[in-house]
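Student:
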Amino acid sequence: MDKEGEPLYISKEFEEMGYVANDRVLTNARNGKETREKIRSAKRRTPYRIISTPVYKDGKLTEIIQLGTHLRFVRKNLVHFRSNILIAIPIILLLGALGGWVLARRSLSPIGYIASKARSITSENLNERLNPRGTDDEMDDLIRTINGMIARLESSFKRMAEFTADVSHELKTPICAMRGEAEVLLSKERKTEEYQEGLAHFIEQFDHLNHMINDLILLSKVDATQVELKMTPLRLDLLIKDLCNLFQILAEQNKINLEMGAIEEVTVIGDKARLQQLFTNLIDNAIKYTSKGFIEVTVKKDEDGGVVKIKDTGIGISKEEQEKIFKRFYRVDKSRSRETGGVGLGLSITDWIAKAHHGRIEVQSEMNKGSIFTVHLPLHKTQTKSN
232 MDKEGEPLYI SKEFEEMGYV ANDRVLTNAR NGKETREKIR SAKRRTPYRI ISTPVYKDGK
292 LTEIIQLGTH LRFVRKNLVH FRSNILIAIP IILLLGALGG WVLARRSLSP IGYIASKARS
352 ITSENLNERL NPRGTDDEMD DLIRTINGMI ARLESSFKRM AEFTADVSHE LKTPICAMRG
412 EAEVLLSKER KTEEYQEGLA HFIEQFDHLN HMINDLILLS KVDATQVELK MTPLRLDLLI
472 KDLCNLFQIL AEQNKINLEM GAIEEVTVIG DKARLQQLFT NLIDNAIKYT SKGFIEVTVK
532 KDEDGGVVKI KDTGIGISKE EQEKIFKRFY RVDKSRSRET GGVGLGLSIT DWIAKAHHGR
592 IEVQSEMNKG SIFTVHLPLH KTQTKSN
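Using the working numbering, the first residue of the sequence shown is number 232, and each one after it goes up by one.
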């Protein structure tokens, strides 16, 4: 068409369309702009897309070229596309669900193995373990965690079995000894002094049994967390002085010099009865296992708290045994322990008392040269502030 909108040449389909250029097309053409339109024909249900492009010569508008296309093919393709989508969606969902199920089965199959294997492990086969897959992922981490838990259970069961066997042995030994001695006493008539001596020995055995039973009761309460400590501020230096004075006679009877070294004023927060038990065990052990020489007890204060050192010149403890002496029923020298009446519970209780007071016990020892037991206890807060 010309610049006024009069047709110069028109195709048959354009003519059938009955299209007439409107003012917007002419205005845009004069301004050098294309015009895009969608129109409907009275003869067809589907619309047309028309683009009107201006043609300039020497800077002047000369003609307007219009191109049009029927949109029925586009609509037909859209209808086909929609039909395909409607068909594809359920297929995709089905395939996705199937793929998800397969993936879930593969992902969860290790959990099924873990659950089945864990159910098969009982108290009778705690030595068995789950086999890691070697992928070093979350499943392997879970397997390692479960194996660690089973190992701890196995260790606990072993300790329980050992504890039961040790208790049975320790209870049976004095009872058998008393029975044997009673049979000897009754085998024939004896003097009154012999009967008195036998009864005195029975009393010693009863005291030994009573002491061991009390220790066992305490340890059972410790395991059940039923022991309550009466924590109060107390002078650690005074407590140690009293105990040293108390053990002085026993040390002299064993021809041992019990010396008090540097004693500084130290106030801690603790249960007096339990701390007495702790240091009584340590000093008593030092006397029992020192045949000659001396025992030195010192009380000092450092950055961490109060420090009590009990040094002896006794038989000493090997490095291998130093890690085991705080275990229940463990005795360094079993023959010597029988002579001294020890059953291997004292140091276990001592270690618990120190830990219950948020402290610790350290051991330094050399065979045939002696041992140093060092007890660290936190200071009372008032003394900490004054420091």
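Each residue gets a CB set at the ideal place from its N, CA and C atoms; glycine is no exception.
Any idea what DSSP makes of Phe478, helix, strand or coil?
Tutor: Per DSSP, reduced to three states, the secondary structure at Phe478 is helical.
Student: Whole-angstrom Cβ separation of Gly299 and Arg271, contact assumed at under 8 Å?
Tutor: Rounded to the nearest angstrom, the Cβ distance from Gly299 to Arg271 is 12 Å, too far for a contact under 8 Å.
Student: Shortest alpha-carbon distance to Pro464 belongs to which of Gly290, Gly537 and Leu329?
Tutor: Gly537
Student: If you compare alpha carbons, which of Thr366, Ala349 and Asp368 is closest to Glu359?
Tutor: Ala349
Student: Could you pull out every residue in the same chain whose Cβ sits closer than 7 Å to the Cβ of Ala431, ignoring the five residues on either side in sequence?
Tutor: Nothing listed; no residue qualifies.
Student: When the Cα atoms are used, what is the spatial distance from Asp254 to Ala260?
Tutor: Each residue's Cα considered, the two are about 10 Å apart.
Student: Sorry if obvious, but does the Cβ on Phe312 come closer than 6 Å to a heavy atom of the ligand MG?
Tutor: Of the ligands one can find in the structure shown there are none, so the ligand MG has no counterpart to examine.
Student: Going by DSSP, name the residue or residues bridged to Arg280.
Tutor: Per DSSP, Lys269 and Thr300.
Student: Please confirm whether Glu495 has its beta-carbon closer than 7 Å to some beta-carbon of chain B.
Tutor: The structure shown contains no chain B; it holds only a single protein chain.
Student: Between which two residues does the beta strand (DSSP E) holding Pro464 run?
Tutor: In the DSSP assignment, Pro464 falls within the beta strand (DSSP E) that extends over Thr463 to Arg466.
Student: Mapping the DSSP letters down to three states, classify Asp502 as helix, strand or coil.
Tutor: DSSP places Asp502 outside both helix and strand once states are collapsed to three, so it counts as coil.
Student: Is Asp543 near Ser596, with beta carbons less than 7 Å apart?
Tutor: no
Student: Give the secondary structure of Met491 by DSSP, where H, G and I count as helix, E and B as strand, and everything else as coil.
Tutor: Three-state DSSP puts Met491 in a strand.
Student: So, are the CB atoms of Asp535 and His588 less than 7 Å apart?
Tutor: Cβ distance not < 7 Å, so Asp535 and His588 don't count as in contact.
Student: If I'm right that Phe510 touches Val539 with Cβ under 8 Å, what's the distance once you round it to whole angstroms?
Tutor: About 7 Å separates the Cβ atoms of Phe510 and Val539, confirming a contact at the 8 Å cut-off.
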